[in-house]
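Everything on this sheet refers to the single structure shown next.
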Amino acid sequence: MGMELEEMGMELEEMGMELEEMGMELEEMGMELEKMGMELEKMGMELEEMRKELEEMGMELEEMGMELEEMGMELEEMGMELEEMGMELEEMGMKLEEMGMELEEMGMELERRE
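Numbering that gives the first Met the number 0 puts the first residue of the sequence shown at 0, with every later residue one more than the last.
Structure below.
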């Protein structure tokens, strides 16, 4: 019976050492997981920062788009005004051409009279 108890004690001691070893391995795994968790948290903060920067860039691009749209409307308006001025100049040119023809006719008449 003493030997059986001694044998049981040795088995329990061996089981205790195995459990201790498993506990150390689990502790090591826990530390690695904790380290990974901190790295993931850091990555999350960096991604959040990037998201904010992209959002800011998006707002700036949207603002630029609105400014460009406004400039486009102003240019369109200027184009219409220039087109109108062109038509007026064309009309003036036709009147000047008419006046030139009349002056030419008057000059020819004066020549004939002389």
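Don't be surprised by glycine CBs; every beta carbon is placed ideally from N, CA and C.
C-alpha gap between residue i and residue j, whole angstroms
i, j, result
"M63", "M70", "10 angstroms"
"R50", "E19", "46 angstroms"
"E27", "E33", "10 angstroms"
"G15", "G29", "20 angstroms"
"M86", "G99", "20 angstroms"
"G22", "G8", "20 angstroms"
"R112", "E82", "45 angstroms"
**Item:** Any beta strand (DSSP E) of 3 or more consecutive residues that is wholly inside the segment 2-41
**Value:** none
**Request:** Any chance you could list the alpha helix (DSSP H) runs of at least 4 consecutive residues sitting entirely within the segment 41-90, in chain order?
**Result:** Secondary structure remark: continuous alpha helix (DSSP H) runs of at least 4 residues inside the segment 41-90: none found.
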